[in-house]
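Going by our numbering, 233 is the number at position 233 of the sequence shown; the sequence numbering is gapless.
Glycine residues also receive a C-beta, built at the ideal position from the N, C-alpha and C atoms.
As the structure is a computational prediction, the values presented were derived from the model and not from experiment.
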Amino acid sequence: QHFYKGNLDAVMISFFRCAGLVLCHLEPCGAAEVDQAVRAAKSAFGHWSRMSGMERARIMIEAAHMIESRREEIARLEVVNNGKSITEARLDVDSARLCIEYYAGLSSTMAGQHVQLPGGSFAYTRREPLGVCAGIGAWNYPFQIAAWKSAPALACGNSMVFKPSPVTPVTAVMLAEIFTQAGAPDGLLNVVQGGQETGRLLCHHPDVAKVSFTGSVPTGQKIMEMASKGVKPVTLELGGKSPLLIFQDSDLENAVKGALMANFLSQGQVCSNGTRVFVHKDILPEFLREVVARTKAIEIGDPLLESTRMGALVSRPHLSKVLAFVEQAKREGATVLCGGEPYVPSDPKLRGGYYMTPCVLGDCRDEMTCVKEEIFGPVMSVLSFETEEEVLRRANDTTMGLAAGVFTRDVRRAHRVVEQLKAGSCFINNYNVTPVEVPFGGFKMSGIGRENGQVTIEYYSQLKTVFVEMGDVDSLF
Ligand code: NAD
Numbered sequence: 001q002h003f004y005k006g007n008l009d010a011v012m013i014s015f016f017r018c019a020g021l022v023l024c025h026l027e028p029c030g031a032a033e034v035d036q037a038v039r040a041a042k043s044a045f046g047h048w049s050r051m052s053g054m055e056r057a058r059i060m061i062e063a064a065h066m067i068e069s070r071r072e073e074i075a076r077l078e079v080v081n082n083g084k085s086i087t088e089a090r091l092d093v094d095s096a097r098l099c100i101e102y103y104a105g106l107s108s109t110m111a112g113q114h115v116q117l118p119g120g121s122f123a124y125t126r127r128e129p130l131g132v133c134a135g136i137g138a139w140n141y142p143f144q145i146a147a148w149k150s151a152p153a154l155a156c157g158n159s160m161v162f163k164p165s166p167v168t169p170v171t172a173v174m175l176a177e178i179f180t181q182a183g184a185p186d187g188l189l190n191v192v193q194g195g196q197e198t199g200r201l202l203c204h205h206p207d208v209a210k211v212s213f214t215g216s217v218p219t220g221q222k223i224m225e226m227a228s229k230g231v232k233p234v235t236l237e238l239g240g241k242s243p244l245l246i247f248q249d250s251d252l253e254n255a256v257k258g259a260l261m262a263n264f265l266s267q268g269q270v271c272s273n274g275t276r277v278f279v280h281k282d283i284l285p286e287f288l289r290e291v292v293a294r295t296k297a298i299e300i301g302d303p304l305l306e307s308t309r310m311g312a313l314v315s316r317p318h319l320s321k322v323l324a325f326v327e328q329a330k331r332e333g334a335t336v337l338c339g340g341e342p343y344v345p346s347d348p349k350l351r352g353g354y355y356m357t358p359c360v361l362g363d364c365r366d367e368m369t370c371v372k373e374e375i376f377g378p379v380m381s382v383l384s385f386e387t388e389e390e391v392l393r394r395a396n397d398t399t400m401g402l403a404a405g406v407f408t409r410d411v412r413r414a415h416r417v418v419e420q421l422k423a424g425s426c427f428i429n430n431y432n433v434t435p436v437e438v439p440f441g442g443f444k445m446s447g448i449g450r451e452n453g454q455v456t457i458e459y460y461s462q463l464k465t466v467f468v469e470m471g472d473v474d475s476l477f
């Protein structure tokens with residue numbers, strides 16, 4: 001069941017950001033619809049949680065096959081939903097499918113422990129699902145986030161009510177429909193539409209056992225506060241301001257490619273982006289020459305064209321916010337080496353879209369706003385450093401800790417540096433690769449818990465300990 005309509009007067013408007021046109025109108029779900037969705041999910045949980053892991057896996061694999069066969073259709077809709085290029089949207093659909101396949105494989109491995117105790121008695125543990133989980137998503141990877149949350153939740157035997165961002169409401173609904181068509185019980189993955197208020201209703205619902213959230217730090221803090229009222233566990237995937245360290249001995253060609261991958265995917269709207277690019281002073285001029293040349297060559301425009309590498313930002317206000325960061329950087333003394341301006345495509349149909357040219361900022365210093373705050377747009381800040389000790393101190397001088405990267409040919413330096421970086425995902429000689437087999441998540445204020453990898457099973461399940469007495473009760477009374 002999918003809940004598109006509510007009784008509230010307010011109407012959400014979703015934009016076709018590539019052209020600045022209205023895409024659709026939706027009514028946000030109110031208390032009655034959220035309750036209906038949770039009740040449906042609770043009923044599905046009763047059936048789903050009693051199925052064996054193998055039975056659940058079969059349905060999940062069927063859903064993965066359907067995603068594979070509808071890859072192009074989903075990717076095109078994601079482009080319209082979000083504004084990113086079709087090339088990236090296809091990779092997001094692939095990541096969603098792989099995640100479902102991966103957790104389908106793990107669903108039959110949920111197991112406990114047998115512990116022998118004195119006198120022949122023993123105990124065993126059962127790993128059990130939590131119940132109805134709430135998923136609340138951000139707008140930058142709409143389909144992928146819905147899959148990264150629902151796949152481990154469902155594999156463990158939970159059901160989920162998912163709320164996509166009101167900015168990108170469309171593709172999560174496709175995922176829910178696909179699960180239903182694959183044979184999942186009605187209500188197993190429900191989608192409710194809406195913004196803060198709908199999210200708040202979900203977090204406070206007494207039948208919601210856990211909240212898994214992806215979004216900004218301030219909203220994450222509110223989610224944790226709301227979950228605390230019901231003593232509910234949370235997974236928080238929050239923002240970042242990650243460092244990328246490029247040493248003088250790195251393969252420069254690779255380091256430049258890494259810096260582009262660390263900054264310009266999804267129009268720079270990626271939580272793990274390495275936006276503080278620290279480059280050793282000896283290679284700084286050469287690095288800047290290369291990175292600026294390649295940034296200028298990035299093709300911007302119609303995201304449905306195969307040649308396009310950068311589409312539209314997610315909204316008009318967000319575009320204005322990103323451009324304002326560039327202006328502020330200039331006022332604080334940074335040099336715009338390229339980009340940072342609104343971009344108007346030649347196609348008249350796209351004139352109203354939210355495009356900008358990707359930007360490289362030189363002469364950045366640690367105290368500048370562009371270096372301290374998450375911009376969430378295509379803006380790379382380049383900083384110079386001299387020693388390993390110095391760059392590590394500066395790289396870690398942030399309240400965030402989502403990701404970090406290091407480029408060097410020295411294998412000992414690479415591991416020494418990574419050991420000292422305070423970040424949940426560290427990349428050596430690469431950046432922003434997110435295979436679903438490995439955990440993803442942040443240190444410090446970038447989050448709690450992990451998504452992907454085996455460990456996530458623990459975040460969507462709980463342990464029951466069963467004690468079995470083989471003798472008589474040894475009563476003290
Ligand atoms: P956001 O925090 O504004 O919104 C995220 C979601 O929370 C939306 O669905 C929104 O409707 C909902 N929400 C907002 N207020 C709420 C409330 N009071 N109660 C319940 N729900 C509420 O974030 P955004 O602008 O959609 O996304 C951008 C942010 O997300 C960036 O900071 C980015 O770094 C972060 N992000 C993190 C990851 C990660 O995996 N760590 C991934 C993607 C995005």
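{"Item": "Within 8 angstroms, strictly: CB atoms of SER212 and CYS133", "Value": "yes"}
{"Item": "Unbroken stretches of the alpha helix (DSSP H), 4 residues or longer, contained in the stretch 378-404", "Value": "388-395"}
{"Item": "Coarse secondary structure for MET174, derived from DSSP in three states", "Value": "helix"}
{"Item": "Opposing strand residues paired with PHE278 [DSSP bridges]", "Value": "LEU245 and LEU383"}
{"Item": "Check: ASN452 C-beta below 7 angstroms from any heavy atom of the ligand NAD", "Value": "no"}
{"Item": "Closest residue to SER384 among ILE61, TRP139, GLY239 and LYS281 (Cα-Cα distance)", "Value": "LYS281"}
{"Item": "Within the stretch 4-76, ranges of the beta strand (DSSP E) (whole runs, at least 3 residues)", "Value": "12-16 and 21-26"}
{"Item": "Under 8 angstroms between C-beta atoms of TYR354 and ARG17", "Value": "yes"}
{"Item": "Minimum Cβ-Cβ distance from LYS163 to chain C less than 8 angstroms", "Value": "Chain labels in this structure do not include chain C; a single protein chain is all it has."}
{"Item": "Residues bridged to SER425 (per DSSP)", "Value": "ALA403"}
{"Item": "HIS2, DSSP secondary structure in three states", "Value": "Annotation note: pLDDT 40 at HIS2 (below 50); position unreliable, coordinate value reported separately. Here HIS2 sits in strand by DSSP."}
{"Item": "Straight-line gap, ASN273 to LYS210 (C-alpha atoms, nearest Å)", "Value": "28 angstroms"}
{"Item": "Enclosing alpha helix (DSSP H) for MET196 [first to last residue]", "Value": "With the sequence shown as reference, residue 196 is identified as Gln, and Met is not the correct amino acid for it. Counting along the chain, the alpha helix (DSSP H) containing GLN196 begins and ends at 196-204."}
{"Item": "Euclidean distance between Cα positions of PRO345 and GLY301", "Value": "6 angstroms"}
{"Item": "Nearest candidate by alpha-carbon position, reference VAL466, set SER95, LEU26, ARG71 and ALA123", "Value": "ALA123"}
{"Item": "Which of helix, strand or coil DSSP assigns to ARG498", "Value": "With the chain running from 1 to 477 in the structure shown, residue 498 is simply not present."}
{"Item": "Counterpart residues of GLU462 in DSSP-defined beta bridges", "Value": "Residue 462 is actually Gln in this sequence, not Glu. According to DSSP, GLN462 bridges with GLU128."}
{"Item": "Member of VAL231, GLY442 and LEU202 whose CA lies at the smallest distance from the CA of ALA32", "Value": "LEU202"}
{"Item": "Coarse secondary structure for SER320, derived from DSSP in three states", "Value": "helix"}
{"Item": "Residues near ASN430 by beta carbon distance below 7 angstroms, same chain, minus five either side", "Value": "GLY258"}
{"Item": "C-alpha gap between LEU106 and GLN221, whole angstroms", "Value": "31 angstroms"}
{"Item": "With 16 other Cβ atoms within 10 Å as the buried cut-off, status of SER121", "Value": "exposed"}
{"Item": "Given SER307 as reference, the closest of GLU341, THR87 and SER475 once Cα atoms are compared", "Value": "THR87"}
{"Item": "Check: THR308 C-beta below 7 angstroms from any heavy atom of the ligand NAD", "Value": "no"}
{"Item": "Counted within 10 angstroms of its Cβ, other Cβ atoms place GLY183 as buried (16 or more) or exposed", "Value": "exposed"}
{"Item": "DSSP state of PRO342 mapped onto helix, strand, coil", "Value": "strand"}
{"Item": "Reference VAL208, options GLU62, ASP363 and LYS42, closest by Cα", "Value": "LYS42"}
{"Item": "Where the alpha helix (DSSP H) through LYS84 begins and ends", "Value": "Per DSSP, LYS84 belongs to no alpha helix (DSSP H) and is neither H nor E."}
{"Item": "Closest Cα partner of VAL418 within the set PRO243, GLN196, GLU286 and ASP92", "Value": "PRO243"}
{"Item": "Span of the alpha helix (DSSP H), counted from its first residue to its last, around LYS222", "Value": "217-229"}
{"Item": "Counterpart residues of TYR355 in DSSP-defined beta bridges", "Value": "TYR343"}
{"Item": "The stretch 440-457 / the stretch 395-415 touching (three or more Cβ pairs under 8 angstroms)", "Value": "yes"}
{"Item": "Which listed residue (ALA172, ARG365 and ALA147) has its alpha carbon closest to that of VAL382", "Value": "ARG365"}
{"Item": "Secondary structure of LEU476, DSSP reduced to three states", "Value": "coil"}
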